[in-house]
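Residue numbers (the working numbering), protein chains in the order written: chain A, 4 to 277; chain B, 69 to 313.
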């Protein structure tokens, strides 16, 4: 069959991708881990909503979720700002700015996040609260605010390096072209470099967002009543650790998977057309 | 062709141990087209980049349209507003469409409205021959088309001078002509141009002067006819014999 052969060769690349659409041939391409998770999730949902015990536990623990999300979003928001400022200082040619930012990044990255949170809570926040004028000092006496700022400072150091890597990944010609059109350094950053760098660093930024959600559990150490502290208290009061910690783990999993999906959507939305 | 718009006097530039420019003196007058040729590493691109302050000179003086190109940010931005540059690697902004590439600096620097800058951008895309590519992103354009968008982007700032840094060296052979034709059009309109290029056809057709550079100095600076027919210096002759077949 000579004609058929010609057609087969000519369409070879197309056929190989089309082959994946056939279910049996594409078994190895299925995201099995997603399917297993969905099945496990369905089973868990079934158990939770058919058992009165679990239903009451999840209702109680849910009140911790809002604070977990609150701490995560605000801490990440401030970390993005701290990171951007420190990242821009890290690529600056000004030696003072560069040195200050490098000190910040190296010191913070060398200390466990939990220690940073405790240090901020026991040392820095009381120090500031005693010196800030009357109406504002209360701000530093709220453990939620303290947790948010401590997390933001810690994550800012990591995000600074993410921003720096993103900015340095943009070819030098981009800055030269922007400057040659008469733009200042700041304008070139704002309109040309950062819009491209952000697209490059969206995946690591998203990863850090998910990590932030998990690390928000550390603020339980300074008595922020988020999901982890709620779970600890409830399970201690009821002597039912298995049920409480299983539910807590599931709730974290649902939140992190949800965030991952949002991040993937954003990556696709902001991709530069090829 | 009257008084010089670019004056370059005894310019020295070092990159670490490399002495890239060794006392270059030359000038370009209004409406003149100067083509710089020479072996790689001879300093022609460096000289070009000193004219709009992309490289800072170590000593000597560069004056563009009566503004000295110094380290002062105000002077450099003033000079860059007068001087457009086209790079070997195009350097289009990949996150913006062809049209947005051309409107960005108009809006940010020249403070033109969105409508006005778009009108100008579409006129320029028409001029460089690709009006239908206004909404394409750089990655969707061929090299020749990208370079023509880059030329339009520079022209949108109404420069008095256009610099070209090996504008066709990164192009596939079949796309060189379309870019050269656009440059030819500019030369005919009386644009002052300094061009680093080994396109001898372009030099012959459009250049008023052609300068041969080697080891950081201008060896010979004359008309294209004179240089091709009867080069004065032995080094020029050797170089031309290598690039003209």
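Note that CB positions come from ideal geometry on N, CA and C, so glycine has one too.
The structure displayed is predicted, hence computed values, not measured ones.
Annotation: residue 216(B) to residue 250(B) spans about 7 Å, alpha carbon to alpha carbon.
Sorting 34(A), 117(A), 119(A) and 66(A) by C-alpha distance to the C-alpha of residue 250(A) places 66(A) at the top.
Taking C-beta atoms under 8 Å as the contact rule, residue 162(A) and residue 216(A) fail to qualify, at a distance of about 15 Å. Looking at the backbone, the Cα of residue 75(A) and that of residue 123(A) are separated by about 17 Å. In the three-state scheme derived from DSSP, where H, G and I count as helix and E and B as strand, residue 280(B) is classed as strand. Between the C-alpha atoms of residue 248(B) and residue 97(B) there is a straight-line separation of about 22 Å.
120, 122, 145, 148 and 149: these are the residues of the region 119-150 of chain B whose beta carbon lies less than 7 Å from some beta carbon of chain A, given in chain order. The continuous beta strand (DSSP E) containing residue 91(B) extends over residues 86-97.
Judged by beta-carbon spacing, residue 85(A) lies beyond the 8 Å limit of residue 41(A), meaning their Cβ atoms are not closer than that value. Within the region 162-199 of chain B, the alpha helix (DSSP H) runs of at least 4 residues that lie entirely inside it are, in chain order, 166-176 and 182-195. Taking a contact to require three or more Cβ pairs closer than 8 Å, the region 182-191 of chain A and the region 217-229 of chain A do not qualify as touching. Bridge pairing for residue 260(B): 229(B) [DSSP]. A check of alpha carbon separations from residue 293(B) across 257(B), 308(B), 81(B) and 283(B) identifies 308(B) as the nearest. For residue 127(B), the enclosing beta strand (DSSP E) has its first and last residue at 127-132.
Residue range 35-53 is occupied by the alpha helix (DSSP H) that includes residue 44(A).
Check the Cα spacing between residue 102(B) and each of 142(B), 86(B), 255(B) and 283(B): the tightest is with 255(B). Neighbourhood of residue 202(A) in chain B, by CB distance below 9 Å: 163, in chain order.
According to DSSP, residue pairing for residue 133(A) in a beta bridge does not occur.
Between the C-alpha atoms of residue 206(B) and residue 88(A) there is a straight-line separation of about 30 Å. Taking 8 Å as the CB threshold, residue 272(A) stays off the interface with chain B. Among the residues facing chain A, residue 157(B) is included, as its CB has a counterpart in that chain under 8 Å away. Look at the beta carbons and you see the region 280-294 of chain B not touching the region 124-131 of chain B: under three pairs across the two are nearer than 8 Å.
Among the residues facing chain A, residue 173(B) is included, as its CB has a counterpart in that chain under 8 Å away. Per the Cβ contact rule, the region 166-174 of chain A is not in contact with the region 133-148 of chain A (fewer than 3 Cβ pairs under 8 Å). Across the region 217-232 of chain B, CB contacts with chain A closer than 9 Å involve 218, 221, 222, 224, 225 and 231, in sequence order along the chain. Residue-level contact by beta carbon holds for residue 186(A) and chain B, with a gap shorter than 8 Å.
Rounded to the nearest angstrom, the Cβ distance from residue 219(B) to residue 262(B) is 14 Å, too far for a contact under 8 Å. Of the other Cβ atoms in all chains shown, fewer than 16 fall within 10 Å of the Cβ of residue 312(B); this residue is therefore exposed.
Taking 4 residues as the shortest admissible run, the region 144-221 of chain A contains the following complete alpha helix (DSSP H) segments, listed from N- to C-terminal end: 146-171, 175-183, 188-191 and 197-218. Taking all protein chains in view, the Cβ of residue 134(A) is surrounded by fewer than 16 other Cβ atoms within 10 Å, so the residue is classified as exposed. Residue 207(B) belongs to the set of residues whose beta carbon lies under 8 Å from a beta carbon in chain A. Taking the C-beta atoms as reference points, residue 151(B) is found nearer than 8 Å to residue 231(B). Taking CB atoms only, residue 177(B) has a neighbour in chain A less than 8 Å away. Secondary structure at residue 77(B): strand, using DSSP grouped into helix, strand and coil. Look at the beta carbons and you see the region 252-271 of chain A touching the region 205-215 of chain A: at least three pairs across the two are nearer than 8 Å.
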